[in-house]
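Count along the sequence shown from 1, then add 40; that gives the number in the numbering used here. Data block below; observations after.
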Amino acid sequence: MSQLVDNPNPNHNHNLYSALRAAFPDDLTAIAVEADNGQSYTWAALDEQSAQMANLLTSLNLPAGARVAVQVEKSVEAMMLYLATLRAGLVFLPLNTAYQSAEMAYFLGNAAPGVVVCTPKNLPWIRELAQAAGTQHVWTLDDNQSGTLLDLARGLSKQHTPVVSGQQDLAAILYTSGTTGRSKGAMLSHGNLLSNAQTLKKYWDWQKGDVLIHALPIFHVHGLFVAIHGALLNGSKMIWLSKFDPKVVLTHLPKATVFMGVPTLYVRLLGEPGLTREVTQNMRLFVAGSAPLLTETFKEWQDRTGHTILERYGMSETGMLTSNPYALDARYAEAERRAGTVGFPLPGVLLRVQDDEGKTLAIDEVGGIQVKGPNVFQGYWRMPEKTAEEFTSDGYFKTGDVGKIDARGYVQIVGRAKDLIISGGYNVYPAEIESYMNDMPGVAESALVGVPHPDFGEVGVAVVIAKPGAQVEADQLITTLKSQVANFKVPKKCFVLPELPRNAMGKVQKNLLREQYKNLFQK
Ligand code: MCA
Ligand code: AMP
41 MSQLVDNPNP NHNHNLYSAL RAAFPDDLTA IAVEADNGQS YTWAALDEQS AQMANLLTSL
101 NLPAGARVAV QVEKSVEAMM LYLATLRAGL VFLPLNTAYQ SAEMAYFLGN AAPGVVVCTP
161 KNLPWIRELA QAAGTQHVWT LDDNQSGTLL DLARGLSKQH TPVVSGQQDL AAILYTSGTT
221 GRSKGAMLSH GNLLSNAQTL KKYWDWQKGD VLIHALPIFH VHGLFVAIHG ALLNGSKMIW
281 LSKFDPKVVL THLPKATVFM GVPTLYVRLL GEPGLTREVT QNMRLFVAGS APLLTETFKE
341 WQDRTGHTIL ERYGMSETGM LTSNPYALDA RYAEAERRAG TVGFPLPGVL LRVQDDEGKT
401 LAIDEVGGIQ VKGPNVFQGY WRMPEKTAEE FTSDGYFKTG DVGKIDARGY VQIVGRAKDL
461 IISGGYNVYP AEIESYMNDM PGVAESALVG VPHPDFGEVG VAVVIAKPGA QVEADQLITT
521 LKSQVANFKV PKKCFVLPEL PRNAMGKVQK NLLREQYKNL FQK
């Protein structure tokens with residue numbers, strides 16, 4: 041599986057927090073985070089308040105590797121809880137705030153966390169689910185610096201020495217669905233996360249004086265790891281936005297140097313007349329990822345701002361895998377950031393393209409992208425067979441993405457072998473939504489396909505077949521789904537048809553449905 045080669049000295053503490061802490065500036069009274077609620081946090085505050093939370097976690101005497109499941113709104117305190125979990129040698133399990141009770145029941149039941157932290161308004165139902173999962177400690181954290189977590193931590197010591205962690209000790213579990221079936225918890229170790237953060241620090245040339253606008257949610261890799269680790273490992277200030285609002289981002293751009301976003305964020309910023317060369321003149325780096333960036337967005341951004349977006353590619357299981365160059369990369373002849381590509385494999389990442397027979401393909405040949413490196417995860421939580429299925433016999437992880445490498449070394453993603461829709465940077469698994477739809481009264485079968493969307497890049501469209509004699513209302517079906525699953529997973533349109541297109545083998549031809557509805561949302 042993963043190969044962790046950095047510092048093999050067994051006595052070295054690989055706790056990720058220790059490395060982040062070592063990068064804090066000497067002046068701990070400087071501002072580390074400037075939040076949009078008017079609150080500022082010094083580096084000392086990050087260290088001391090996360091120490092208090094770590095002391096609280098430590099006082100529970102949970103076994104090493106116990107999970108701390110967290111479903112809270114974005115706040116600086118939520119980030120401190122992440123840091124505290126690392127310090128205490130426990131495993132952070134972030135959960136999207138859009139998840140509803142059935143989804144949460146699965147995650148908590150599967151992960152059996154030692155601690156659950158939720159928003160106060162969800163406490164009644166989360167407490168029930170947590171108790172059913174055997175969790176002893178359920179705390180609250182609101183986005184206004186209140187909640188039982190903070191009440192309990194407040195009186196504790198502001199000093200905490202990070203637990204000694206090995207490179208392969210788990211730091212986080214991120215649920216992701218992969219190819220089929222129920223969500224799988226991708227287990228990421230301290231070594232996985234630190235090696236990726238160190239690689240990106242160098243590759244993107246994080247500099248003294250950099251200031252990051254943090255506008256992404258913190259329950260997925262992009263906002264939690266790529267953005268936060270990037271800033272902390274460079275001792276850089278973050279401008280912390282609780283929610284993405286393009287107008288608010290514009291007001292902060294003149295004070296910042298780095299911005300990271302999914303393509304939808306760039307599309308929405310381009311919709312603002314105030315996005316100009318002038319407002320972005322102090323910016324050094326715009327990073328895009330989590331979903332394909334359209335060439336038209338890339339070009340429009342260049343025209344409007346004079347900046348070239350740097351697109352990179354990654355996964356929950358692996359962190360970042362490839363990146364367009366920041367500057368000349370000695371391994372390659374070119375330093376150009378090329379639209380429609382995700383750049384070069386990052387230093388330390390081995391990437392190849394194989395066909396279904398396991399033959400490694402030549403330049404420009406299209407096949408499955410496979411990767412190996414110190415960033416590649418430790419396996420799926422309590423699913424050893426699934427883990428084994430996703431690795432080749434020589435230890436490469438099968439990403440499920442389909443792509444090619446061109447003669448100049450650029451990786452291009454041309455499709456996905458996995459049935460997955462990426463909508464506004466969030467993953468939607470058709471199999472999951474189809475199973476909800478198939479369970480609805482009167483529904484014989486259903487299919488969910490992704491079609492182009494000007495704002496979200498791609499959105500789900502449902503096609504439903506009614507049982508003989510039954511009446512199915514498309515609007516009702518959408519309303520029912522809204523009460524069952526996270527809102528971003530709900531199809532934007534639903535059609536009730538007499539039958540699904542099938543091939544000679546009886547398999548639903550989703551490509552035909554995608555073709556049929558491809559212009560549904562186009563301007
Ligand atoms: C919100 N809605 C969506 C989405 N987000 N529909 C489809 N896809 C979405 N992503 C819908 C809601 O269901 C709701 O519909 C309506 O939009 C308004 O909801 P609201 O929450 O107010 O939306 P928003 O604040 O405008 O959110 C849009 C957003 C957000 C800012 C683009 O989706 C977002 O932050 N996306 C970033 C996700 C991300 O960080 N991904 C990184 C994953 P209704 O009213 O009908 O209910 S990490 C990853 O993928 C890998 C490792 C990587 O490479 O980084
Ligand atoms: P997740 O499971 O949320 O980590 O999503 C990972 C998936 O997002 C990858 O397997 C890709 O399919 C997709 N992805 C991430 N970055 C990009 C990108 N720059 N271009 C295209 N797809 C991407």
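Glycine included, each C-beta is placed from N, C-alpha and C at the ideal position. Treat the numbers as computed from the prediction; the structure is a model and nothing was measured.
Whose C-alpha, out of the options, is nearest the C-alpha of residue i?
i	options	result
Val499	Asp515, Ala526, Gly464	Gly464
Asn101	Pro365, His54, Val155	Val155
Ala471	Asp459, Pro481, Met480	Asp459
Asp285	Gly270, Glu351, Gly301	Gly301
Ser363	Ser356, Asp369, Ala370, Arg352	Arg352
Ile445	Tyr372, Thr82, Val512	Tyr372
Ala128	Asn95, Leu281, Lys248, Glu312	Asn95
Ile279	Val251, Ala267, Leu272	Val251
Ser282	Pro365, Pro257, Lys295, Gly413	Pro257
Lys563	Glu397, Asn150, Asp495, Pro153	Asp495
Arg61	Gly187, Gly149, Arg377, Ile268	Ile268
Ala173	Leu192, Asn150, Asp479, Gly388	Asn150
Ala331	Tyr306, Ile473, Val489	Tyr306
Arg378	Glu485, Arg448, Asp434, Ala271	Arg448
Thr159	Asn184, Ala142, Thr175	Asn184
Tyr366	Leu325, His260, Pro164	Leu325
Thr216	Leu401, Met423, Thr82	Met423
Gly195	Ser90, Val451, Ala118, Ile166	Ser90
Leu488	Ala457, Asn527, Lys550	Lys550
His254	Gly263, Lys248, Trp246	Gly263
Would you mind giving the Cβ-Cβ distance between residue i and residue j, rounded to the nearest angstrom? I have them listed as a contact below 8 Å.
i	j	result
Leu391	Leu361	7 Å
Phe132	Val108	6 Å
Thr297	Asn274	Not a contact, Cβ separation roughly 11 Å.
Gly354	Gly380	Incorrect: roughly 17 Å between the Cβ atoms, too far for contact.
Leu540	Ile505	6 Å
Leu97	Ala124	6 Å
Val483	Val491	Rounded, the Cβ-Cβ distance is 21 Å, inconsistent with contact.
Ala510	Phe535	Actually they do not touch by this definition, with Cβ atoms about 16 Å apart.
Lys399	Phe437	About 18 Å separates the two Cβ atoms, so there is no contact after all.
Val393	Gly383	Rounded, the Cβ-Cβ distance is 15 Å, inconsistent with contact.
Gly440	Pro414	That pair is no contact at about 21 Å.
Gln207	Gly225	Wrong, their Cβ atoms sit about 19 Å apart, outside the cutoff.
Per DSSP, what are the beta-bridge partners of residue i in this structure?
i	result
Gly408	Gln394, Val442
Asn95	Answer by DSSP bridge pairing: none, since Asn95 is not bridged.
Lys224	Thr216
Ala328	Gly301, Glu351
Arg456	Asp441
Phe431	Phe437
Glu88	In DSSP, Glu88 forms no bridge with anything.
His254	Trp280
Met323	Looking at the DSSP assignment, Met323 forms no beta bridge with any residue, so it has no partner.
Ala75	Trp280
Val307	The partner list for Val307 (beta bridge, DSSP) is empty, contrary to what the question assumes.
Taking the beta carbon of residue i as the centre, do at least 16 other beta carbons fall within 10 Å, making it buried, or is it exposed?
i	result
Asn559	exposed
Thr69	exposed
Thr291	exposed
Lys161	exposed
Pro531	buried
Ile461	buried
Pro103	exposed
Ala544	exposed
Ala428	exposed
Arg317	exposed
Asn467	buried
Pro134	buried
Gln92	buried
Ser356	buried
Ile473	buried
Ser223	buried
Gly359	buried
Val454	exposed
Leu234	buried
Asn527	exposed
Gly187	buried
Report whether the distance from the Cβ of residue i to the nearest heavy atom of the ligand MG is below 6 Å.
i	result
Glu351	No copy of the ligand MG occurs in the structure displayed; its ligands are the ligand MCA and the ligand AMP alone.
- Message: To test your reading of the DSSP string, which unbroken alpha helix (DSSP H) runs of 4 or more residues are found completely within the segment 257 to 288?
- Response: 268 to 273
- Query: Which ranges would you report for the beta strand (DSSP E) in the segment 98 to 135 if only whole runs of at least 3 residues count?
  - Reply: Counting whole runs of 3 or more residues, the segment 98 to 135 contains the beta strand (DSSP E) stretches 107 to 111, 131 to 134.
- Secondary structure, alpha helix (DSSP H): runs of 4+ residues fully inside the segment 462 to 543: 470 to 478, 514 to 522
- Where are the alpha helix (DSSP H) runs, 4 residues long or more, that stay fully inside the segment 179 to 217, in chain order? 188 to 194
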